[in-house]
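From first to last, the protein sequence lines stand for chains A and B.
Residue 27 is where the first sequence starts when you use our numbering, and the numbers rise one by one after that.
Residue 79 is where the second sequence starts when you use our numbering, and the numbers rise one by one after that.
Glycine included, C-beta positions come from ideal geometry on N, C-alpha and C.
Here the structure is a predicted model, which is why all the values come from computation and not from measurement.
Worksheet for the structure shown next.
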Amino acid sequence: MTDGKISVFLVDDQALIRDGLKAILGNGNDIQIVGEASNGKEVISMVKECRPDVILMDIRMPEMDGVEATGYIKKNFPDIKVIILTTFDDDDYIFKAMSYGASGYLLKDIQGEELVSAIKSSMKGNVILPGKIAEKITSRLSSINSRPNIKIDEFTEREMDIINLLIEGKSNSDIAKQLYLSNGTVKNYVSQIYMKINVSDRANAILYFKRHLNS
Amino acid sequence: MSVDQIIPILVPGALIQLALQIYYIKQCWENQRLSQGKKALWIVMIAMFNLPAIAVYLIVTREKTSNDIDYIDNRKVDRNIKQAVSVILYLFFMVFTITILFNNHKRDDFNLIVILLSVNFVLLAVSWFLNNDRGRYLHYIIPVVSLAAAAYVNYLDDYSTTTLIFLVIAANIINNHSPKSSKIYGIMGFILFIGLETAALYKGGAVVSTDELIGFIYLNSAIYILVLLAFYLLKRQMILNVRLKELISEISEKGKALEEMTVISERNKIAGEIHDTVGHTLTTAMISLDVAAGEIGNDDKKASEIIALARQQIKKGMDDIRYSVRTIKHGHDDGDFETALSIMIQELEKSANIKINSVLDINENPIPIHKNLIYRVIKECITNSMKHSGCTEADILITESGGILNYTYSDNGKGADEIKEGFGLSNIREMSKAMGGNAVYTSAEGEGFTMNIQIPTGREVFND
């Protein structure tokens, strides 16, 4: 990050798209376009020199596609954030790119300000997914487990049914019978409930709910 | 020979007969395909005539594969088997003929026997080359002549070898004719055979007791029916084989045609979708842009409004295309997670032979990449359970609450104190991590396997 600006590198085989992105991103003060490439090979050869903070990477490109390029870049320059830009959002390529360490993906028809905020969000280590989602996901697992008290209204109706029977001291198979669920499903529900309130056994779970439901 | 001596055979024999009779009477009684009248008739027949009646009952009331076998062109049989049978029958004919000649050479009517056998010999060979097209009339006359000749030799000669000759001739006819005409020749042959064999009993004014006569007819009928039934069934089987082969190729052709048709209709569907979605929105957007271009410099505010509108149009077109592409790719409206999931689970249940209970407790469809993750995880979990756990049931629970998508999987398999993490499991953990979530699994000997995955959806902001 030179002079407080986030350096962004654009990779797309269509010059028009690159120009469009430049136009969108160039208007703000926080982002600086430091380079562009039209395929995976080019970006790999250029990235060492210019070391951007974030790469916006197209998937389907000649010579070398975005997935492969992401793999190379994340392996050799793990600090560089890669955000995949794609037209179709259920592509298996996205999945692969993310498994190589891409921060996430965005659809190409994203609005300018959303793109800017996604780039900023990726700098914080967040997972980037399309829609209004981007900013809200923080990638650290700790964010799930170290959550303070879960609100009771965050449980689904079904979960509440099970919690209530749990408090009554019913066994899994009793609960299964009463709610017309399979034993395994009840077991799964109970295990999810434990995870949510961060306990590992029934006694503690019951204690937790007795305390929280009455208050 | 006293009754006491044959008790070791008599008692089990009688018991088995009785048992068979009872069994088949019961079966006949429960046979759904028979009318009440026919049931009664067969039950009486089985009660009276026992084993022969049972055999006839089984054959007549069998589930018929296809009635058109009788009318299928006789040439449509497995030619190799047909020729092999012909050759073997011919071989038998030669051997039996030589035996008969040796047995009878001192007789007065030896010349007649030789002529009759020679007629049979020639007709046997000729019959191979005739069919419905060539030598049409001969094709029908030959069986009659050869059966008559063979039956007469059988009458003249006292040795049982001539019985075999007759059977060879009859078998050859079945081998060369369609099942339908075989039936007619078979019955004709039966009458000739039993008639002349019985007549031969009385040759030279011999006296035959009724018991002997009945026994004789019974035995000869049994031999005749057994041997020729075998050939008849073999023939039907040969035709069936060919028919099956034809049907299989027909089906595969039809399958291909159907596939092509599906592809064509799929193409039309795609064309239709593109026409309805992109076609429409692009045209509107283009016109809007034209209008906007005209307004630039004139009314810039209006121009930018129109451009924004055009953008909206194109965006909508894009969303429609994405939806279409997904639908085309998955063969169903992939937008509905529940449907897609249940289709996938049904398929997995079938291939893995595990009962899978899945409960989906969410308010909104997950975004595609999360769906994709869940599909992969389910496949991986089921595959692992199938391979390692020996489980019969697996449970999948997917819930969403507090901005987190929760996936829990458990099976009732044998479990293990230590799970060796293979590529699949580590991949799941990596992917969950990449999506900002986590995946944990637990297992213990006798406790099955459980996997929990939590993925933040970003749909609700949780306390932070």
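Between L306 of chain B and G273 of chain B, which are expected to be in contact by the criterion C-beta below 8 Å, what is the C-beta distance as a whole number of angstroms?
As a position in the second sequence, residue 306 of chain B is number 228, starting the count at 1. As a position in the second sequence, residue 273 of chain B is number 195, starting the count at 1. Wrong, their Cβ atoms sit about 16 Å apart, outside the cutoff.
How is N530 of chain B classed by DSSP in three states: helix, strand or coil?
On the second sequence, position 452 is the one that residue 530 of chain B refers to. In this structure, N530 of chain B counts as strand in the three-state DSSP scheme.
Please confirm if K393 of chain B has its CB atom under 8 Å from at least one CB of chain A.
Along the second sequence, read from residue 1 onward, the residue named residue 393 of chain B stands at position 315. So, interface residue.
Backbone CA spacing between A123 of chain A and M149 of chain A [nearest angstrom]
Along the first sequence, one-based indexing puts residue 123 of chain A at 97. Along the first sequence, one-based indexing puts residue 149 of chain A at 123. Between A123 of chain A and M149 of chain A, the C-alpha separation is close to 18 Å.
Residues in the same chain with beta-carbon distance under 8 Å from D156 of chain B, minus the five sequence neighbours each way, listed in chain order, please.
Numbered from its first residue, the second sequence carries residue 156 of chain B at position 78. For D156 of chain B, where only same-chain residues beyond five positions count, the Cβ hits under 8 Å are M316, N319, V320.
For K100 of chain A, count neighbouring C-beta atoms within 10 Å of its own C-beta (all shown protein chains included) and say buried if the count is 16 or more, exposed if not.
In the first sequence, residue 100 of chain A corresponds to position 74, counting from 1. K100 of chain A is buried by the Cβ-count criterion.
Could you tell me whether the Cβ of A418 of chain B comes closer than 8 Å to any Cβ of chain A?
Translated into positions along the second sequence, residue 418 of chain B becomes position 340. No, because no Cβ of chain A sits closer than 8 Å to the Cβ of A418 of chain B.
Would you grab the beta carbon distance between E129 of chain B and L98 of chain B for me? Rounded to a whole angstrom, and I think it's under 8 Å.
Counting from 1 along the second sequence, the entry for residue 129 of chain B is found at position 51. Counting from 1 along the second sequence, the entry for residue 98 of chain B is found at position 20. Going by the sequence as given, residue 129 of chain B is Leu instead of Glu. Right, their Cβ atoms sit about 7 Å apart.
Taking only beta-carbon atoms, is R184 of chain A less than 8 Å away from chain B?
Indexing the first sequence from 1 puts residue 184 of chain A at position 158. So, interface residue.
Flag D473 of chain B as yes if its beta-carbon sits less than 8 Å from any beta-carbon of chain E, otherwise no.
No chain E appears in the structure shown, which is made up of the protein chains A and B.
Under 6 Å Cβ to Cβ from K107 of chain A, same chain only, skipping five residues before and after it: list those, please.
What you label residue 107 of chain A is simply residue 81 of the first sequence in a count that begins at 1. Only V80, S129, S148 meet the Cβ criterion.
Considering only their Cβ atoms, is the gap separating S260 of chain B from I269 of chain B smaller than 8 Å?
Sequence index remark: in the second sequence, residue 269 of chain B carries index 191 (1-based). Sequence index remark: in the second sequence, residue 260 of chain B carries index 182 (1-based). Taking 8 Å as the Cβ cut-off, I269 of chain B and S260 of chain B do not qualify as a contacting pair.
Hey, quick one: how far does the beta strand (DSSP E) through Y519 of chain B stretch, first residue to last?
By one-based count along the second sequence, residue 519 of chain B stands at place 441. Looking at the DSSP string, the run of the beta strand (DSSP E) that includes Y519 of chain B is 516-522.
In or out: S217 of chain A buried (at least 16 other Cβ within 10 Å) or exposed?
Position 191 of the first sequence, counting from 1, holds the residue named residue 217 of chain A. The residue is buried, with at least 16 neighbouring Cβ atoms inside 10 Å.
If you measure between the beta carbons of L419 of chain B and M513 of chain B, is that distance less than 8 Å?
As a first step, residue 419 of chain B is located in the second sequence; it is residue number 341 there, counting from the start. As a first step, residue 513 of chain B is located in the second sequence; it is residue number 435 there, counting from the start. Cβ distance not < 8 Å, so L419 of chain B and M513 of chain B don't count as in contact.
Please confirm whether I145 of chain A and I193 of chain A have their CB atoms less than 8 Å apart.
Here residue 145 of chain A is taken as the residue at index 119 of the first sequence, counted from 1. Here residue 193 of chain A is taken as the residue at index 167 of the first sequence, counted from 1. No, Cβ-Cβ distance for I145 of chain A and I193 of chain A is not below 8 Å.
Anyone know if the C-beta pair for Y233 of chain B and A277 of chain B falls short of 8 Å?
As a working mapping, residue 233 of chain B is identified with position 155 in the second sequence. As a working mapping, residue 277 of chain B is identified with position 199 in the second sequence. Closer than 8 Å, so yes.
State buried or exposed for D195 of chain A, treating a residue as buried only when at least 16 other CB atoms are found within 10 Å of its CB.
Here residue 195 of chain A refers to the residue found at position 169 of the first sequence. Residue identity check: residue 195 of chain A is Gly in the sequence provided, not Asp. Label assigned to G195 of chain A: exposed.
DSSP state of S169 of chain A mapped onto helix, strand, coil
As a first step, residue 169 of chain A must be located in the first sequence, where it is residue number 143. Note that S169 of chain A has pLDDT 49, beneath the 50 cutoff, so the model's placement of it is unreliable and the number below is only indicative. In the structure shown, S169 of chain A sits in a helix (DSSP, three-state: H, G or I).
Along the chain, where does the beta strand (DSSP E) containing F244 of chain B start, and where does it finish?
The residue you call residue 244 of chain B lines up with position 166 of the second sequence. Per DSSP, F244 of chain B belongs to no beta strand (DSSP E); it is in the alpha helix (DSSP H), 239-254.
Can you give the Cα-Cα distance for L191 of chain A and K236 of chain A, rounded to whole angstroms?
By 1-based counting over the first sequence, the position of residue 191 of chain A is 165. By 1-based counting over the first sequence, the position of residue 236 of chain A is 210. Going by the C-alpha atoms only, they are around 12 Å apart.
Determine the DSSP secondary structure at A494 of chain B, reduced to helix, strand or coil.
The count along the second sequence starts at 1 and reaches residue 494 of chain B at position 416. Note: A494 of chain B maps to coil in three-state DSSP.
Taking Cβ to Cβ, would you say S467 of chain B is nearer than 8 Å to G515 of chain B?
As a first step, residue 467 of chain B is located in the second sequence; it is residue number 389 there, counting from the start. As a first step, residue 515 of chain B is located in the second sequence; it is residue number 437 there, counting from the start. No. Outside cutoff.
Show which residues of chain B have a CB atom less than 7 Å away from the CB atom of V153 of chain A.
By 1-based counting over the first sequence, the position of residue 153 of chain A is 127. Near V153 of chain A (Cβ distances below 7 Å), the residues of chain B are M513, G514.
Which residues, taken in chain order from the segment 109-125 of chain A, show a beta carbon closer than 9 Å to some beta carbon of chain B?
T113, F114, D115, D116, D117, D118, I120, F121, M124, S125
Is the CB of Y98 of chain A under 8 Å away from at least one CB in chain B?
Position 72 of the first sequence holds residue 98 of chain A. No, because no Cβ of chain B sits closer than 8 Å to the Cβ of Y98 of chain A.
Taking Cβ-Cβ distances below 9 Å as the criterion, which residues of the segment 451-481 of chain B are in contact with chain A?
L451, R454, E471, A472, D473, I474, L475, T477, E478, S479, G480, G481
State the Cα-Cα distance for the pair M87 of chain A and Y126 of chain A, rounded to the nearest angstrom.
Your numbering for residue 87 of chain A matches position 61 in the first sequence. Your numbering for residue 126 of chain A matches position 100 in the first sequence. Each residue's alpha carbon lies about 18 Å from the other.
Counting contacts by CB-CB distance shorter than 8 Å, is Q218 of chain A in contact with chain B?
One-based indexing of the first sequence puts residue 218 of chain A at position 192. Closer than 8 Å to some Cβ of chain B, the Cβ of Q218 of chain A qualifies, so yes.
What would DSSP say about K236 of chain A, mapped onto helix, strand or coil?
The residue given as residue 236 of chain A occupies position 210 in the first sequence. Helix, per DSSP.
Could you list which residues in chain B have their beta carbon closer than 8 Å to that of D36 of chain A, in chain order?
Here the question's residue 36 of chain A lines up with position 10 in the first sequence. Reading off the sequence shown, one finds Leu at residue 36 of chain A, where the question assumed Asp. None at all; the shortest Cβ gap to chain B is about 20 Å.
Are E471 of chain B and K433 of chain B closer than 8 Å when you measure CB to CB?
For the purposes of this step, residue 471 of chain B is taken as residue 393 along the second sequence, with counting starting at 1. For the purposes of this step, residue 433 of chain B is taken as residue 355 along the second sequence, with counting starting at 1. Yes.
Cross-chain neighbours of S488 of chain B in chain A, by beta carbon under 7 Å:
Translated into the one-based positions of the second sequence, residue 488 of chain B becomes position 410. Neighbours of S488 of chain B on chain A, chain order: G210, K213, N214.
Which of the three DSSP states is assigned to G481 of chain B in this structure?
Within the second sequence, numbered from 1, the residue matching residue 481 of chain B stands at position 403. Note: G481 of chain B maps to coil in three-state DSSP.
Touching by the beta-carbon criterion (3+ pairs, under 8 Å), the segment 388-395 of chain B and the segment 357-368 of chain B
yes
Thinking D115 of chain A and P446 of chain B are a contact (beta carbons under 8 Å), I'd like their distance in whole angstroms, please.
Here residue 115 of chain A is taken as the residue at index 89 of the first sequence, counted from 1. Here residue 446 of chain B is taken as the residue at index 368 of the second sequence, counted from 1. Confirmed, Cβ separation roughly 5 Å.
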